[in-house]
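Counting in our numbering, the sequence shown runs from 1 upward without gaps.
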Amino acid sequence: MAKPHRGRTKMPVKNLLDSLALEPENPKPLKRQLYERLRRLIDERVLQPGSELPSTRMLARDLSIGRNTVIAAYEQLVTEGYLQTRATGRLLVVDLPRGPIPHDDVRAEVYRPTLSERGLIISSQPFHLGSAGHSAFHPGMPDAEEFPFATWSRLVARRAVSGSETLFGTYDVLGFAALREAISVYLNAARGVRCTPEQVIITTGAQAAFDMLARILLDPGDTVWMEEPGYYGAHAAFLAAGAKLTPLHVDENGWSLDTPPNPATRAIYVTPSCHHPLGATMRLEQRLRLLEIAERCNAWVIEDDYDSEYRFDGQPIPAMQGTDRSRRVIYVGTFSKMLFPALRIGFMVVPLSLVEPLTQSICASGHIAPLVLQAALVDFINEGHLAKHLRRMRRLYASRREAFQDLCNRTLSDWLDLVPTHSGIQMTGVFKKPLDDLCVSEIAHNSGIMVSPLSMQYRHGDRRHGLLFGYAATPERLMQKNFDLLKRSIEDAWSGMVGGI
1 MAKPHRGRTK MPVKNLLDSL ALEPENPKPL KRQLYERLRR LIDERVLQPG
51 SELPSTRMLA RDLSIGRNTV IAAYEQLVTE GYLQTRATGR LLVVDLPRGP
101 IPHDDVRAEV YRPTLSERGL IISSQPFHLG SAGHSAFHPG MPDAEEFPFA
151 TWSRLVARRA VSGSETLFGT YDVLGFAALR EAISVYLNAA RGVRCTPEQV
201 IITTGAQAAF DMLARILLDP GDTVWMEEPG YYGAHAAFLA AGAKLTPLHV
251 DENGWSLDTP PNPATRAIYV TPSCHHPLGA TMRLEQRLRL LEIAERCNAW
301 VIEDDYDSEY RFDGQPIPAM QGTDRSRRVI YVGTFSKMLF PALRIGFMVV
351 PLSLVEPLTQ SICASGHIAP LVLQAALVDF INEGHLAKHL RRMRRLYASR
401 REAFQDLCNR TLSDWLDLVP THSGIQMTGV FKKPLDDLCV SEIAHNSGIM
451 VSPLSMQYRH GDRRHGLLFG YAATPERLMQ KNFDLLKRSI EDAWSGMVGG
501 I
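Right under this line is the structure:
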């Protein structure tokens, strides 16, 4: 039998229930409305444990509703354990445990389980997602409006209608076999990568590749020799795995390889074809030197070839993986820049010794790109649409790149210097004045300009401040207007700094 509650005095139950407001015009049945209101009063202990409810006849009369409505609500509450029947036939409120604090209660934050150390690391990492409808000047963003979506839709629909059962289950976790073969052929021809289809693994983008590699290659406390400045997404994946990052310093003159890392270094991360974010290209002697260091440390080399399809001066630079003879380079690529980011299809080329453990990692993590989209991508490649699209976009981006550089130098020359680069669909500008790039980017975002702060690419020592720009998704006719908005954002940030001194 429930005991009377000894808390503070409450309004008599009859008077409290007399004030219940039911809504006859509400599409929800009256018995459901009554049940929900009574349950809420019990949950919140407005109706205290041990309180005796009025009879069904009395409550029906007081609320001007049918007795059967009250009976139905009472019976449901008895069934769920909110009420119990005493010997006299009257119903009492059960003294239930308080249970979890509601999410909208400010006290809930104190009692919720905390994040793990890994969760805290992940949640503290910087990110830059941009905003739909604001493509100027989002770094690394291709122009999706120029993508042949009519052709793509036809290919996807054809595969969806005529695809075999292998496209609609959890099969081929390493990737659709025909796509792995097509990528292998493309990489051998276009990037100088030495691989077979068995070495190609399809991922849900490059970031998923970094996450999986961190899971299977690194233990907590392992050292990663990481470019500084370097891609913050790779930073996040390695740190979340518990790795320690040692800076591999990079500037406009190249990679600083004269001071080798700790001999116990487990992995080395580089972007040799187009450094992120400065755009430099690693010279052959530096590549060979890096591979020599990796062999001496017995370290894996993760080559992120994120933006190699777009080179505007000279011939394309082959991937470093093609010069590796010790089978320690893992090549990571993506279709995000060639096609569109939301496709979420990337790939790795790995030594055969890693294929089996990566298979298990994919099964455990669920990083499996939809097979229907993979099959459509095979058709897009094999029917020549990819080559045609790349030729067209190279011409378009070359024109936009030239216009971007000219307008940037004319509009922002008092504020920043563009870092020279020969490839990629983004550029970096370094501030001439002591501006806070985080502040500038925030003000710019409020004006619809999606630039990224350079300082977020650093983790050690002094940070350079500047902005990463993407020019590919912004038509030339819109560039000047957006540069004017960005200039105003920079001026506002500078005024705020000067005025605060």
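Every residue gets a Cβ at the ideal spot worked out from N, C-alpha and C, and that includes glycine. In this text the structure is predicted, and so the values were computed from the model without any measurement.
The way I'd put it, the segment 458-477 does touch the segment 392-407; three or more beta-carbon pairs between them come closer than 8 angstroms. Listed in chain order, the beta strand (DSSP E) elements of length 3 or more contained wholly in the segment 289-364 are 300-304, 329-334, 346-349. His-385 has its alpha-carbon roughly 20 angstroms from the corresponding atom of Gly-163. Residue burial is scored here from C-beta neighbours: His-276 has at least 16 other C-beta atoms within 10 angstroms and is therefore classed as buried. Counting only unbroken stretches of 4 or more residues, the alpha helix (DSSP H) elements lying wholly within the segment 383-465 are 385-412, 437-446, in sequence order.
Thr-56 counts as buried, since no fewer than 16 other beta carbons sit within 10 angstroms of its beta carbon. Following the DSSP letters along the chain, one finds Asp-43 inside the alpha helix (DSSP H) bounded by residues 30-43. By the neighbour-count criterion, in which a residue is buried when 16 or more other Cβ atoms sit within 10 angstroms of its Cβ, Phe-127 is exposed. Counting only the Cα atoms, Val-372 lies some 10 angstroms from Val-378. Annotation: Arg-61 to Lys-31 spans about 15 angstroms, alpha carbon to alpha carbon. Here Met-456 has Pro-126, Tyr-232 as same chain residues with Cβ atoms under 7 angstroms from its own Cβ, once five neighbours each way along the sequence are excluded. For Tyr-186, the uninterrupted alpha helix (DSSP H) segment begins and ends at 177-190.
His-235 counts as buried, since no fewer than 16 other beta carbons sit within 10 angstroms of its beta carbon. When C-alpha distances from His-422 are compared across Asp-143, Ala-87, Pro-316, the shortest belongs to Pro-316. Under the three-state reduction of DSSP, Phe-149 is assigned to helix. It is roughly 24 angstroms from the alpha-carbon of Cys-363 to the alpha-carbon of Glu-303.
In the structure shown, Ser-131 adopts extended strand secondary structure according to DSSP, grouped into three states. CA-to-CA, the gap between Tyr-397 and Leu-485 works out to about 22 angstroms.
Taking the C-beta atoms as reference points, Thr-428 is found nearer than 8 angstroms to Gly-466. The alpha-carbon separation between Ala-299 and Phe-210 amounts to approximately 16 angstroms.
DSSP places Gln-76 in the uninterrupted alpha helix (DSSP H) bounded by 67-79.
Nearest in C-alpha terms to Ala-240, of all of Arg-118, Gly-230, Gly-254, is Arg-118. Boundaries of the beta strand (DSSP E) around Leu-245: 244-251.
Per DSSP, the unbroken alpha helix (DSSP H) holding Thr-56 starts and ends at 56-63. Residue state for Phe-483 is assigned as helix, using DSSP reduced to three classes. Your pair Val-193 and Val-349 checks out as a contact, with CB atoms roughly 6 angstroms apart and the cut at 8 angstroms. Between the beta-carbon of Ala-189 and that of Asp-222 there is about 35 angstroms, and that puts the pair past the 8 angstroms contact cut. Residue pairing of Trp-494 in beta bridges, as defined by DSSP: absent, with no partner found. Per DSSP, the continuous beta strand (DSSP E) segment holding Leu-92 begins and ends at 91-93.
Here the alpha carbons of Gly-230 and Asp-251 stand approximately 11 angstroms from one another. Looking at the DSSP output, Tyr-269 shares a beta bridge with Met-226, Ile-302. Annotation for Leu-83: the continuous beta strand (DSSP E) segment containing it runs 83-85.
With a cut-off of 8 angstroms on Cβ pairs, the segment 134-154 is not in contact with the segment 252-265, counting fewer than three such pairs. Between Gln-374 and Phe-168, the CB-CB gap reaches or exceeds 8 angstroms. Non-local beta-carbon contacts of Arg-39 in its own chain, meaning distances under 7 angstroms to residues more than five positions away in sequence, involve Leu-77, Tyr-82 in chain order. Just so you know, the alpha carbons of Ile-42 and Leu-16 end up roughly 12 angstroms apart.
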